[in-house]
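Going by my numbering, the first residue of the sequence shown is number 32, and it counts up by one from there.
The beta carbon of each residue, even a glycine, is placed where N, CA and C say it ideally should be.
Reviewing the structure listed below.
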Amino acid sequence: MTTSASLTDQLAAQLQGPQLQQLASRLGIAPEQAQSAVQTALPLLMGALGRNSQQAGGTDALLGAL
């Protein structure tokens with residue numbers, strides 16, 4: 032398992048139970064839909080963050096966004 036995959040898994044594990052229910056409620060969707068969205072979005076977001084951090088000035092941009 033790669034580092035990004037394990038980090039993605041760790042983040043996904045944090046978005047379970049009450050956190051997932053709250054996300055679904057805020058979005059006005061079923062918890063199953065929220066779970067599917069999280070499973071789809073997290074790997075894409077992690078990949079984009081990784082690519083951005085490798086570009087000149089990307090790390091500074093990430094820190095600024097946080």
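> With distances taken between CB atoms, is the gap from LEU46 to LEU54 smaller than 8 angstroms?
Replying inline: The Cβ atoms of LEU46 and LEU54 lie closer than 8 angstroms to each other.
> In chain order, which continuous runs of the beta strand (DSSP E) of length 3 or greater are located wholly inside the region 35-91?
Replying inline: Those beta strand (DSSP E) runs which fall completely within the region 35-91 and span 3+ residues do not exist here.
> Residues in its own chain within less than 6 angstroms of ALA68 by CB, not counting five upstream and five downstream?
Replying inline: Counting only Cβ-Cβ distances below 6 angstroms, and skipping sequence neighbours, we find nothing.
> Can the beta-carbon of LEU73 be found less than 8 angstroms from the beta-carbon of LEU42?
Replying inline: Going by C-beta atoms, LEU73 is nearer than 8 angstroms to LEU42.
> Can you name, in chain order, every residue of its own chain whose Cβ lies under 7 angstroms from the Cβ of LEU58, other than the five neighbours on each side?
Replying inline: If we look at LEU58 and ignore the five residues flanking it on each side, its Cβ neighbours are ALA65.
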